[in-house]
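Asker: Numbering-wise (the working numbering), the sequence shown opens with residue 262 and increments by one. For each residue, glycine too, the CB sits at the ideal point set by N, CA and C.
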Amino acid sequence: MEELPKIIDTEEGCDEFCDESDFPSFKIMGIDFAKHLFLIFRKFFLGKKILVTKQQARDRMKICEGCEFFTKKKRCIHCGCYMQYKIHIKDADCPEDKWPISH
Ligand code: SF4
Numbered sequence: 262m263e264e265l266p267k268i269i270d271t272e273e274g275c276d277e278f279c280d281e282s283d284f285p286s287f288k289i290m291g292i293d294f295a296k297h298l299f300l301i302f303r304k305f306f307l308g309k310k311i312l313v314t315k316q317q318a319r320d321r322m323k324i325c326e327g328c329e330f331f332t333k334k335k336r337c338i339h340c341g342c343y344m345q346y347k348i349h350i351k352d353a354d355c356p357e358d359k360w361p362i363s364h
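As structure tokens, then:
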């Protein structure tokens, strides 16, 4: 059983987008969430790793913190995801291709 990720906290992020209406709709976020959930469960049942290493998660977060789409709420304005969680998921990817899926 993999160790649950420690939430990475940060004060970084732009002030530009912080209204809920700036983020993708719940429908779009729900479809994306369901897709990733499916991939996570499939990997889990195949006995494969579903989380990246702590270093990989930190590297991803550093990229997000320097990104113009990263908000004070620690959410990506493109996907609406809370990045302190998403950075730990192996199959997660950046919608702007700033960091890749980890294989
Ligand atoms: S996931 Fe990509 S686009 Fe979103 S905040 Fe991080 S680096 Fe920026």
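Hey, would you say Ser363 sits closer than 7 Å to Val313, going by beta carbons?
Answerer: As a position in the sequence shown, residue 363 is number 102, starting the count at 1. As a position in the sequence shown, residue 313 is number 52, starting the count at 1. Yes, these two residues count as a Cβ contact at 7 Å.
Asker: Report yes if the C-beta of Lys323 is less than 6 Å from at least one heavy atom of ligand 1; otherwise report no.
Answerer: Residue mapping note: residue 323 aligns to position 62 of the sequence shown, counting from 1. No, ligand 1 has no heavy atom inside 6 Å of this Cβ.
Asker: For Ala318, I'd like the list of residues in its chain whose CB is within less than 6 Å of its CB, leaving aside the five on either flank, ordered along the chain.
Answerer: If you number the sequence shown from 1, residue 318 lands on position 57. Closer than 6 Å at Cβ, skipping near neighbours: Ile348 and His349.
Asker: Whole-angstrom Cβ separation of Leu307 and Asp352, contact assumed at under 8 Å?
Answerer: If you number the sequence shown from 1, residue 307 lands on position 46. If you number the sequence shown from 1, residue 352 lands on position 91. In this structure, Leu307 and Asp352 do not form a Cβ contact; the two beta carbons are roughly 12 Å apart against a cut-off of 8 Å.
Asker: CA-CA distance, Leu327 and Met290?
Answerer: For the purposes of this step, residue 327 is identified with residue 66 of the sequence shown, where counting begins at 1. For the purposes of this step, residue 290 is identified with residue 29 of the sequence shown, where counting begins at 1. Residue identity differs from the one stated: residue 327 is Gly in this sequence, not Leu. Looking at the two C-alpha atoms, the distance is approximately 23 Å.
Asker: Where does Ile350 sit, in a helix, a strand or coil, going by DSSP?
Answerer: The residue labelled residue 350 in the question sits at position 89 within the sequence shown. Three-state result, Ile350: strand.
Asker: Is Phe284 a contact residue of ligand 1, with contact defined as CB to any heavy atom under 6 Å?
Answerer: Against the sequence shown, residue 284 aligns to sequence position 23. Incorrect: Phe284 has no Cβ contact closer than 6 Å to ligand 1.
Asker: Give every residue of the same chain whose Cβ lies closer than 7 Å to the Cβ of Gly341, excluding the five residues on either side of it in the sequence, and list them in chain order.
Answerer: Position 80 of the sequence shown holds residue 341. Phe284, Pro285 and Met290.
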